[in-house]
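Enquirer:
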Amino acid sequence: MKQMSKRRCAWAPENDELYRDYHDYEWGRPVHDDQKLFEMLTLEGAQAGLSWITILRRRENYRQAFDQFNPTVIAAYDEAKIQSLRENEGIIRHEGKIRSVISNAKAFLAIQKEFGSFDSYIWSFVGGEPLKNRWESSNQVPAETRESQAMSKDLKRRGFKFVGPTICYAYMQATGMVHDHTVDCYLYEG
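Below you can see the structure in the form of structure tokens.
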């Protein structure tokens, strides 16, 4: 007898193990670790203009190339390091995106100093608790919200790059600040 597969959000195809595992074990789960929050912000920015699976397939390369997303180390990158990253075929070699990781690391460290943690700062955009939505289908899920617009505006004011409101909303979904599993998904929480 064939075992029934679980229903997932439409964007997580059953036949792609990497996407399926990301959906099942990571996407939408609240993240409060500063370094993981920086990693996800970096990866969401790298995705700009690309599909998420492109970035997901390169995530391990990104971790190696960017010192496990340690913002203190990244903030000190020099031109030689930038050039080596531009030659690294395991990541997206867009110079603007590479440089944005460095400027974002510096801005990230400033936020940690001001707020005690990046977690305290970033979760303030949702009042410290995940926003829970009730979408019947993925077609209903917005590309941005007023919360992601406010986050984008403030991050840009603080010197961040590649943090438009759509990227910020995808970041909020990825880090569990927003619960956007559709109602037919086995991970939906009513």
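Its first residue numbered 0, the sequence shown is counted upward by one per residue in numbering that gives the first Met the number 0. For each residue, glycine too, the CB sits at the ideal point set by N, CA and C.
(1) Spatial neighbours of LEU198 within its chain, please: CB distance less than 7 Å, with the 5 preceding and 5 following residues excluded, ordered by chain position.
(2) Start and end of the alpha helix (DSSP H) containing ARG98?
(3) Per DSSP, which one or two residues make a beta bridge with VAL177?
(4) Using three-state DSSP, classify TYR170 as helix, strand or coil.
(5) Can at least three beta-carbon pairs, one atom from the region 141–159 and one from the region 77–94, be found at a separation below 8 Å?
(6) Distance check for VAL162 and GLY48, CA to CA, integer angstroms please.
(7) Do you know whose CA, among TYR76, TRP134, LYS160, SER147, lies nearest ALA106's CA?
(8) Taking all protein chains shown into account, do 16 or more other C-beta atoms lie within 10 angstroms of the C-beta of ALA173, making it buried, or fewer, making it exposed?
(9) Rounded to whole angstroms, what is the Cα-Cα separation between LEU84 and SER102?
Expert: On the basis of the coordinates in this document:
(1) Look at the range of the chain in this structure, 0 to 189, and you will see that residue 198 is not part of it.
(2) 94–114
(3) LEU130
(4) Reduced to three states, the DSSP call for TYR170 is helix.
(5) no
(6) 13 Å
(7) LYS160
(8) buried
(9) Looking at the two C-alpha atoms, the distance is approximately 15 Å.
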